[in-house]
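When the count follows numbering that gives the first Met the number 0, it moves up by one through the sequence shown with no breaks and lands on 108 for the last residue.
Quick reminder that beta carbons are idealized off the backbone N, C-alpha and C, glycines included.
Remarks on the structure that follows.
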Amino acid sequence: MNSSELRFWINKNEVEKRTIQGFRDVVDNFIKDNPSRIIEYFGENFDMNLLMISMYKVSFTIGNWPESDFNYITSFARIEYKNKDMGVYKLVFNLDGEIEDDYWVSDDN
């Protein structure tokens, strides 16, 4: 996959939109399932409107070298809240555009 094909794949699979929504889903799950984690990570009186999710990189990985039978695409988004760096959110896609996994690496993790 060359860079033009990757850009096409990114647009076709709405990677930026899905990355932003993926992190919003993480936050919504914290609010619903474990509200104390919201306070732990973001402080009292969390306001979703102050959360900035900015995708800044996409990578194509050829995994399980040399067999190369585990290939995937990862999007990376910077997370900021009240102008404070809250880490990086990574969303992993298989080549069919399905989400395989996600990770949030925060300053506290």
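Note down the Cα distance separating residue i from residue j, rounded to an integer number of angstroms.
i, j, result
"D95", "V57", "16 Å"
"W8", "E39", "37 Å"
"D107", "D84", "A caution first: D107 carries a pLDDT of 43, below 50, which makes its placement in the model unreliable, though a value can still be read off. Their Cα atoms are separated by approximately 11 Å."
My understanding is that residue i touches residue j, with C-beta atoms under 8 Å, so please give their C-beta distance in whole angstroms.
i, j, result
"V104", "V87", "5 Å"
"F45", "I52", "Between I52 and F45 the Cβ distance is about 14 Å, and since that is not below 8 Å, they are no contact."
"F41", "A76", "Actually they do not touch by this definition, with Cβ atoms about 16 Å apart."
From what residue to what residue does the beta strand (DSSP E) around residue i run?
i, result
"E99", "98 to 104"
"K89", "83 to 92"
Counting along the chain, where does the alpha helix (DSSP H) carrying residue i start and finish?
i, result
"K11", "2 to 11"
Cβ of residue i within 6 Å of any heavy atom in the ligand MN?
i, result
"S74", "Absence of the ligand MN is noted for the structure shown, with no ligands found whatsoever."
Any contact of the region 61 to 68 with the region 17 to 35, i.e. 3+ C-beta pairs under 8 Å?
no
Minimum length 3: unbroken beta strand (DSSP E) runs contained in the region 27 to 72
50 to 62
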